[in-house]
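Residue numbers (the working numbering), protein chains in the order written: chain Y, 1 to 381; chain G, 1 to 279.
Contents: one structure, followed by commentary.
Structure below.
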């Protein structure tokens with residue numbers, strides 16, 4: 001996904017923009033257990049915002065507080081300028097798509113979608129028109145008279161989406177929207193979801209544990225752990241500039257090296273690696289004291305592998321032994337043993353056919369790994 | 001070996017069926033006995049059926065029992081459903097454990113004790129507030145509701161806890177106030193459980209002899225009380241005829257229910273294969 005640069009698409013960068021959803025120091029306790037621990041969050045109109053984290057990290061609790069099924073133990077939630085703390089779920093301008101879809105089994109597809117409009121007392125003709133529009137948008141017109149159990153998983157998911165969108169909510173909450181679909185359907189539905197969101201301009205808040213899903217869908221992602229946000233940012237920011245080891249390891253794969261800062265210049269930082277012993281050179285300044293223990297994260301695809309020793313005199317490079325090769329068709333994954341038993345993962349694109357590479361890299365061969373000065377990410381926590 | 005297993009299975013089957021149904025079959029056969037003395041066969045006759053239909057006592061007892069069973073089933077279903085809802089959906093409230101224990105107590109309480117304690121209650125009430133002024137239809141119905149609703153509450157409780165709460169949440173999310181959620185979502189989904197509870201309460205009430213005989217009064221004779229009191233005076237062929245009719249009614253009920261269930265299952269299978277073919 002390309003990232004446009006104007007404020008319309010990236011409102012969080014605009015100091016003038018007023019956030020649409022404001023979560024202000026919200027906590028939620030269940031007995032002794034703290035599910036959400038004093039979090040602050042601002043989501044802007046038209047965003048597709050993901051809450052990403054493992055199970056039990058508090059993401060679903062936060063979503064349920066936005067929907068009104070849970071009340072915050074402390075703090076407040078403001079949606080479109082209205083404090084939601086004492087607003088019951090049936091009066092909130094939000095709708096939710098449940099992980100289980102929660103389709104009413106005793107109603108037809110049509111009646112499921114119409115249910116919310118009926119409760120709002122919308123005129124019969126208006127209901128018919130809007131339900132028909134919604135069903136044609138999700139391509140379920142011919143299934144209008146079916147009951148939910150007569151539909152396939154993907155169809156049910158689309159009914160749930162139609163039902164949640166037909167009331168034109170200000171915010172749509174989605175709890176693991178693609179979780180129950182198989183891989184192929186998930187990839188396809190992912191893009192459908194993005195198109196629908198773009199077309200309707202509704203603010204989406206998605207809860208997911210699937211980092212790939214979050215990366216493709218979102219304008220911004222909040223990575224959660226133990227009831228707190230570890231990092232909030234665009235998919236690129238979170239992938240390329242993680243702020244902690246936890247985020248770096250949770251989003252994609254990362255090779256971690258322990259090291260110590262040996263030199264801190266205005267335009268560069270040098271770090272001595274502990275295992276393997278190698279020198280890291282980073283081409284931008286950082287506010288880190290010399291001697292600080294740090295972690296360096298290197299993405300597998302940012303490391304190059306070759307059989308010849310690189311020319312730059314051992315900086316940002318390390319020698320190793322090929323331990324494993326995984327051929328995945330489009331890419332190959334190498335696991336190379338460096339230093340004292342440390343395995344480094346490298347992904348490289350197979351641009352030429354193996355036969356053409358002369359000679360190809362083989363098991364137990366000595367190889368050299370090297371990377372650009374801008375590739376390593378220095379982490380202090 | 002192949003020949004042996006069917007023989008064994010067949011004998012188990014035959015023995016089991018005989019164990020269950022030979023007594024009933026005997027009863028049916030003897031109901032057509034023309035002799036007044038039950039165990040002695042005096043030739044085929046339907047005269048006891050004629051006598052049965054001429055006896056107003058029996059029809060009064062049947063109609064009283066059916067009335068009590070119907071009123072009981074309706075009240076027990078309403079109260080039991082409310083109790084089940086309170087136990088499953090209201091979360092933790094003060095006295096919940098006590099309430100849930102007390103709801104299921106009538107299930108395990110010996111009927112003699114339930115009957116006796118209810119009788120004492122009715123006598124005390126009559127003395128202090130003057131109601132119920134006499135024992136009969138009202139007292140039996142109240143007594144039956146007290147234990148039937150416990151069964152309904154248990155059925156509703158298990159059905160509700162198996163029912164995902166997110167359906168109710170989804171309805172709320174779409175703008176339904178709590179009472180609408182109850183009428184639109186919860187009750188329709190509970191309907192099969194409530195029907196089962198109704199039928200069970202109806203049967204329990206129709207069946208009950210012990211509790212009814214404690215709390216009944218002069219003039220209020222239910223069918224089980226009538227049968228029991230007549231048999232106490234010696235086996236009588238007209239009771240055999242009555243029992244045969246009851247067996248017939250029950251058998252028809254079971255066959256109809258079985259047929260409906262079979263048809264529903266076939267319909268479901270058809271729908272499922274239809275969905276599978278499309279996706």
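Glycine included, C-beta positions come from ideal geometry on N, C-alpha and C.
None of the values given here were measured: they were computed from a predicted structure.
Between residue 230(Y) and residue 218(Y), the gap from beta carbon to beta carbon reaches 8 Å or more. Measuring C-alpha to C-alpha distances from residue 54(G) to each of 241(G), 194(G) and 132(G) identifies 241(G) as the nearest.
Between residue 175(G) and residue 119(Y), the CB-CB gap stays under 8 Å.
Residue 250(Y) has a beta carbon lying at 8 Å or more from every beta carbon in chain G. Assignment of residue 288(Y) by DSSP, reduced to helix, strand and coil, places it in the coil class. Residues are counted here when their Cβ sits less than 9 Å from a Cβ of chain Y; for the stretch 179–193 of chain G these are 180, 181, 184, 185, 188, 189 and 191, given in chain order.
Interface annotation, residue 164(G): in contact with chain Y, CB-CB separation under 8 Å. Annotated three-state conformation of residue 26(Y) is strand, per DSSP. Check the Cα spacing between residue 28(Y) and each of 75(Y), 166(Y) and 298(Y): the tightest is with 75(Y).
At a cut-off of 8 Å between C-beta atoms, residue 231(Y) does not count as an interface residue with respect to chain G. For residue 298(Y), there is no enclosing alpha helix (DSSP H); the residue is found in the beta strand (DSSP E) stretching over 293–298. Look at residue 177(G): its C-beta is under 8 Å from a C-beta on chain Y. Under the three-state reduction of DSSP output, residue 166(Y) falls in the coil class, being neither helix nor strand. Looking at the backbone, the Cα of residue 57(Y) and that of residue 113(G) are separated by about 53 Å. For the C-beta of residue 314(Y), not a single chain G residue is nearer than 8 Å; the gap to the nearest is close to 58 Å. About 5 Å separates the Cβ atoms of residue 369(Y) and residue 318(Y), confirming a contact at the 8 Å cut-off. Scanning 94(G), 90(G), 145(G) and 108(G) for the CA closest to the CA of residue 76(G) turns up 145(G). Residues of chain Y with a Cβ closer than 9 Å to the Cβ of residue 169(G) are, in chain order, 64, 67, 69, 89, 96, 98 and 102. Taking C-beta atoms under 8 Å as the contact rule, residue 69(G) and residue 206(G) qualify, at a distance of about 5 Å. The beta carbon of residue 185(G) sits closer than 6 Å to those of 167, 168 and 171, all from its chain and outside the five residues before and after it, given in chain order. Listed in chain order, the positions of the stretch 117–136 of chain Y with a beta carbon within less than 7 Å of a beta carbon of chain G are 119 and 120. The distance from the Cβ of residue 189(Y) to that of residue 157(Y) is about 7 Å, consistent with a contact at the 8 Å cut-off. With fewer than 16 other CB atoms across the displayed protein chains lying within 10 angstroms of its CB, residue 16(Y) is exposed.
Per DSSP, reduced to three states, the secondary structure at residue 63(Y) is helical. Just measuring C-alpha positions, the residue of 135(Y), 178(Y) and 139(Y) sitting nearest residue 163(Y) is 135(Y). By the rule that beta-carbons nearer than 8 Å mark a contact, residue 269(G) does not touch chain Y. Residue 144(G): member of the alpha helix (DSSP H) spanning 137–162, first to last residue. A distance of 8 Å or more separates the beta carbons of residue 297(Y) and residue 222(Y). For residue 268(Y), none of the residues of chain G pass the 7 Å Cβ criterion, the least Cβ distance being about 54 Å.
Bridge partners of residue 138(Y) according to DSSP: none are assigned. For residue 173(G), no beta strand (DSSP E) encloses it; the enclosing alpha helix (DSSP H) starts and ends at 166–173. Residue contact with chain Y for residue 13(G): absent (no Cβ-Cβ distance below 8 Å to any residue of chain Y). Listed along chain Y, the residues sitting closer than 9 Å to residue 173(G) by beta-carbon distance are 67, 68, 69, 89, 90, 92, 94, 95, 96, 98, 102, 116, 164 and 173. Residue pairing from DSSP places residue 51(Y) in a beta bridge opposite 207(Y) and 222(Y).
Of the residues assessed, residue 232(G) falls on the exposed side of the cut-off, its CB having fewer than 16 other CB atoms within 10 angstroms.
Taking 8 Å as the upper bound for CB-CB distance, residue 268(Y) and residue 279(Y) are not in contact here, some 12 Å apart.
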